[in-house]
Each structure stands twice: as C-alpha cells, then as structure tokens.
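Undergrad:
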Amino acid sequence: MIALIDYGAGNLTSVRKALSAVDADVHIPHDPSELEQASAVIVPGVGNFLATSALAADWRESILEVVGRGSPLLGICLGLQWLFEGSTEAPGCQGLSLMSGDCDRLEGGADLKIPHVGWNSLHFPRQSRLFEGIEEGSQVYFTHSYAAPITGDATAITTHGRPFASGVERGQVFGVQFHPEKSGDVGLRVLRNFVNAL
Amino acid sequence: MLSKRIIACLDVRNGQVVKGVHFEGLRNAGDPAELAERYNEEGIDEVVILDVTATLEGRRALADTVATVARRIFIPLTVGGGIRSEADAAAAVDAGADKVSLNTAALVDPGLITTLAARYGSQAVIVAIDAKWVDGRAMVYVRSGSSATPREAVEWAREATSRGAGEILLTSIDRDGTRTGFDCRLTAAVSTAVPIPVIASGGAGTLDHFSDVFLDGKADAALAASIFHFSEHSVRDLKEVLRSRGIPVRL
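Just so you know, the sequences run in chain order A and B. According to this note's numbering, the first sequence is numbered sequentially starting from 1. According to this note's numbering, the second sequence is numbered sequentially starting from 1.
(1) Could you work out which residue in A:Glu169, A:Gly184 and A:Gln172 is closest to glutamine 139 of chain A when comparing CA atoms only?
(2) Jot down the residue ranges of each uninterrupted alpha helix (DSSP H) in the stretch 136-207 of chain B, minimum 4 residues, whole runs only, in chain order.
(3) Answer yes or no: does any C-beta atom of chain A fall closer than 8 Å to that of arginine 5 of chain B?
(4) Which residues, in chain order, does the stretch 48-80 of chain B contribute to contact with chain A at a C-beta distance below 7 Å?
(5) So, are the CB atoms of alanine 91 of chain B and valine 47 of chain B less than 8 Å apart?
(6) Please classify serine 122 of chain B as buried or exposed, where buried requires at least 16 neighbouring CB atoms within 10 angstroms.
(7) Exposed or buried, which one is alanine 54 of chain A when buried takes at least 16 other CB atoms within 10 Å?
(8) Please report the straight-line C-alpha distance between isoleucine 173 of chain B and lysine 132 of chain B, rounded to a whole angstrom.
(9) Name the DSSP bridge partner or partners of tryptophan 133 of chain B?
(10) To which residues of the same chain is alanine 70 of chain B closer than 6 Å at the C-beta, ignoring the five residues directly before and after it?
(11) For valine 21 of chain B, which of helix, strand or coil comes out of DSSP?
(12) For the alpha helix (DSSP H) containing lysine 17 of chain A, name the first residue and the last one.
(13) From the beta carbon of proline 115 of chain A, is the nearest beta carbon of chain B less than 8 Å away?
(14) With a Cβ-Cβ cutoff of 8 Å, do tyrosine 146 of chain A and glutamine 81 of chain A count as a contact?
(15) Is it a yes or a no for the stretch 90-107 of chain A touching the stretch 124-141 of chain A, going by three-plus beta-carbon pairs under 8 Å?
(16) Looking at the unbroken alpha helix (DSSP H) that takes in arginine 60 of chain A, where does it start and where does it end?
(17) If I measure Cβ to Cβ from glycine 80 of chain B and keep anything under 8 Å in the same chain, skipping five residues before and after, which residues do I get?
(18) Please classify glutamine 127 of chain A as buried or exposed, where buried requires at least 16 neighbouring CB atoms within 10 angstroms.
(19) Going by DSSP, which residues form a beta bridge with glutamate 46 of chain B?
(20) Ordered along the chain, which non-local residues of its own chain (more than five positions away) have a Cβ less than 8 Å from that of threonine 149 of chain B?
(21) Just the chain B side, please: which residues come within less than 8 Å of glutamine 139 of chain A by C-beta, in chain order?
(22) What residues match up with alanine 165 of chain A in a beta bridge as DSSP calls it?
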C-alpha cells in the first residue's frame, strides 16, 4: 500500500487517478501512525514551500521512519524540493534534508517566463530506475518557479534559463520536479517504474 | 527548451461539444471524452472544457463530463465557464480539473483570484480575458463577450497577475470563430506586459496562424476548437509544421 500524503495544498485527485491507472494500491492516511503499514510514500504537491510546514513534526518523523526502513519515497514537484535542506522561497522552513543543497528561484528574462509552465525535455546524466525505458529528450509537464540544484543525486536535468534537477534519486528516495500524473504516457511510465521499485 | 503548447478547447453544452461563430449559432461537434482522447493520441498538450450551459442540469452534467475526461487522459485539464465562486471552483477541481478558468467572476470579485490561488496554488488559476479593439484600445468584455467594461486588457492582465493568476487565457472577440488568424497585436501586447504565460485564443483557421501567434504574438500557448473538431488538420500535422519553422513543440 502506497501512502499518498495530503498536506492541504492543492488536490490529490490527479495523482490518485494516475496511480490507479498503473494499478497501484493507494491510501491517503489521516494520521502519521498509519504510515507504519505503508510500503511506500508519495509526497505530491504544488504551491509554496511554506505549505510543507503544514506537515507537523510527527508526520516528518513518520515519513523519515519509512525511509529509514528502506521503503521508497517519491516527492513530486514541491515534494521533490522538500527532499532538500530548504528553499529560498521560505527561509527558515526546513526540508527533509535527505539530499543536500537548497532550492532556489528560476530567473526569468526576455522570452523566459516564470513560472515555468508547460512541456519541457528530460536529459539523463546517468541511468536510474525511475527513468528506465524513457527516451532521452522525452517531454513532461512542469509548473513551478523554484527548482532544486544539480548534485550527484540528479538523474534528470531540464533547462529553463538555467539547468536544474528535474529528477533525483538516492537509495530508495526519489523525486521528480514535473508532474508525472499530467505528463501523458511518459509520466505514467515514471509512476509505473516507481511502483515496480517497491 | 520549453515547448509552445497547443491546447484544444471543448465548448460543452448539455454534455456535448458545440462550437459557434462569435459566441453564437452553436453546432454540434461530438462527445467530449471521445474528442479529448483523440486529441490526446494526436499529441495535444492540454485540454480546456468550457461550459457554455446556463442551466443547473447542464452544470451537473458538466461535472460528469469532466470526471469522464479526467479518467481517460493524463494531461492538464482546465475547466471554465460559469465559475463564480470558490464552491464552483472546488466542484470543478473535485471532478478532476487541474486548473480553473475565471472570467466574469474575476472582474466582479478580483479577490476570488487570490482566494483560489491560496487554496490550490497559482498554477491552478487561469484568468480568461475576452478583449475587443475599440477606438484603438483593447477593451475587456464580459458575459460571453456581450457586455463592455471600462477595463483595458493589458491593465487587467497585470492586475490579475498581481492577484495570483498563474496564466492568462486571452480571447479576441473580433477574431473568435472567424478563422482569419489570431490577433497577434493583442496577444503580444498582453504577453509582453505580464511575466506569466499567455494562451492566445480566437481566430485559428490555418496552420500558419499558429506560427504567427507564437512568433509575432509572443504567445506561450495557443488554443483552438473548430480547426481540430472537424478534422481539417490533426494536432500532429500542426506540430510538424511548427517544428519545421523552428518553434519548439512536443512531438
């Protein structure tokens, strides 16, 4: 059973539907103690980094426990950013620090709009489980203004003004900056790859 | 590189897709879920469902239509038309919409933009602006293009952005349904005035019109209905033409 975390930012309908389409067994827990039974956790999300602070300390601890026992964690969009130490969007608001570095705002400019909204391509610096079977240059759907730094954990890189980590992977911790639930067949393949990693 | 988006608009009335000229004289174009699936297979980047129903029964039927479409396609889905309150927006989102498009209601109560942006995030809030040239000024019209307002399109787009809109859907009333091309002057004026993406709408008749609105109109996305509904051109044909002209698209 995959626990889909609801912290009140946006809606989970799309993620839930896409997970059903890849035959995943999904549950939305109402209490952190329910994570004890979870085989994996997905933290979806849109909006401000500050929204993650709605997840109280007991939720964070429970999610870290899931990671500690080796079960997979997938962060989507804001959920990927939350895997890092923090974000300049909400200074003082702690991330999970499962990956090092801070998220920072993308810089706009002439013909370069922020937020970064739409379909953009993925480039893979190395092989990874999440992007298995997905062609270099495949396009996926993004909508965000802040982005994660490229470190050794980056498994996909996308450029909008500057290159940023559109996919990350470290052990059983995964993250995607784009929305796999809104990225057509490529997105469904990413979710299927995650489900297969269980 | 970020692709220019092609968006199919389904004007839905009583569960069926219709499309008119100048917002009037509707004719039937088919089942919304079937059309959405066909466009998805052809590579459409997003789908907008615009409710052109005025009745309560039609409103309820719309939720079913949205839910059916959202179960079948996994690309962004926007719902617009008749969203007047936070409750209307919540109903659309619960049915499966990723974004809602506000038009008249945003002008009447601009605070609704901020309320929805706080609840769902700016990426979920599109402000639709219907504009028409009057004495050399692009003026905003409401109620399906029937009522004039004292607002100018550029100025309203800026305010909508500052209030939390994530995208602007800009429709030229002068061009809507005419197939004489997008209004590139109007689109460029708004697109260069705001930092958020602008979706151009109204007037698509040929494949050239799309490259014009991306190159001259500075549009981030282009929306069309009838050019796709009646299968004159597939989405794929359109994207191949755009790519051959150096415009980045998802193929």
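Each residue gets a CB set at the ideal place from its N, CA and C atoms; glycine is no exception. Keep in mind the model is a prediction, meaning the values are calculated, not measured.
TA: On the basis of the supplied data:
(1) Sequence index remark: in the first sequence, residue 139 of chain A carries index 139 (1-based). Checking every option, the nearest Cα to that of glutamine 139 of chain A belongs to A:Gly184.
(2) 153-162 and 184-191
(3) As a position in the second sequence, residue 5 of chain B is number 5, starting the count at 1. Cβ-Cβ to chain A under 8 Å: yes for arginine 5 of chain B.
(4) Ala70, Arg71, Phe74, Ile75 and Pro76
(5) Here residue 91 of chain B refers to the residue found at position 91 when the second sequence is read from its first residue. Here residue 47 of chain B refers to the residue found at position 47 when the second sequence is read from its first residue. No, they are not a contact pair.
(6) Numbered from its first residue, the second sequence carries residue 122 of chain B at position 122. Looking at its Cβ environment, which holds 16 or more other Cβ atoms inside 10 Å, serine 122 of chain B is buried.
(7) As a working note, residue 54 of chain A is residue 54 in the first sequence. Alanine 54 of chain A comes out exposed.
(8) Locating residue 173 of chain B in the second sequence gives position 173, where the first residue counts as 1. Locating residue 132 of chain B in the second sequence gives position 132, where the first residue counts as 1. So the alpha carbons of these two residues sit roughly 5 Å apart.
(9) Locating residue 133 of chain B in the second sequence gives position 133, counting from the first residue. Partner(s): B:Ala138.
(10) As a working note, residue 70 of chain B is residue 70 in the second sequence. If we look at alanine 70 of chain B and ignore the five residues flanking it on each side, its Cβ neighbours are Leu77 and Gly96.
(11) Position 21 of the second sequence, counting from 1, holds the residue named residue 21 of chain B. Bear in mind that a pLDDT of 39 at valine 21 of chain B, under 50, signals an unreliable position, so the model cannot answer this.
(12) Position 17 of the first sequence, counted from the first residue, corresponds to residue 17 of chain A. Run containing lysine 17 of chain A: 13-21, per the alpha helix (DSSP H) assignment.
(13) Numbered from 1 along the first sequence, position 115 holds the residue referred to as residue 115 of chain A. Contact with chain B is found for proline 115 of chain A, since one of that chain's Cβ atoms lies less than 8 Å from the residue's Cβ.
(14) Here residue 146 of chain A refers to the residue found at position 146 when the first sequence is read from its first residue. Here residue 81 of chain A refers to the residue found at position 81 when the first sequence is read from its first residue. Yes.
(15) At 8 Å Cβ cutoff, the stretches do not touch.
(16) Reading the first sequence from its first residue, position 60 is the one you call residue 60 of chain A. Here the alpha helix (DSSP H) through arginine 60 of chain A covers 57-68.
(17) As a position in the second sequence, residue 80 of chain B is number 80, starting the count at 1. The residues are Val48, Ile49, Leu50, Asp51, Val100, Ser101, Leu102, Asn103, Ile126, Ala128 and Leu169.
(18) Numbered from 1 along the first sequence, position 127 holds the residue referred to as residue 127 of chain A. Answer is exposed; the Cβ neighbour count stays below 16.
(19) By 1-based counting over the second sequence, the position of residue 46 of chain B is 46. Bridge partners of glutamate 46 of chain B: B:Ile7.
(20) Here residue 149 of chain B is taken as the residue at index 149 of the second sequence, counted from 1. So the list reads Leu107, Met139, Val140, Tyr141 and Val142, once near-sequence residues are dropped.
(21) Reading the first sequence from its first residue, position 139 is the one you call residue 139 of chain A. What glutamine 139 of chain A touches in chain B: Ser3 and Arg250.
(22) Within the first sequence, residue 165 of chain A is the residue found at index 165, counting from 1. Residue pairing of alanine 165 of chain A in beta bridges, as defined by DSSP: A:Ala148 and A:Ile157.
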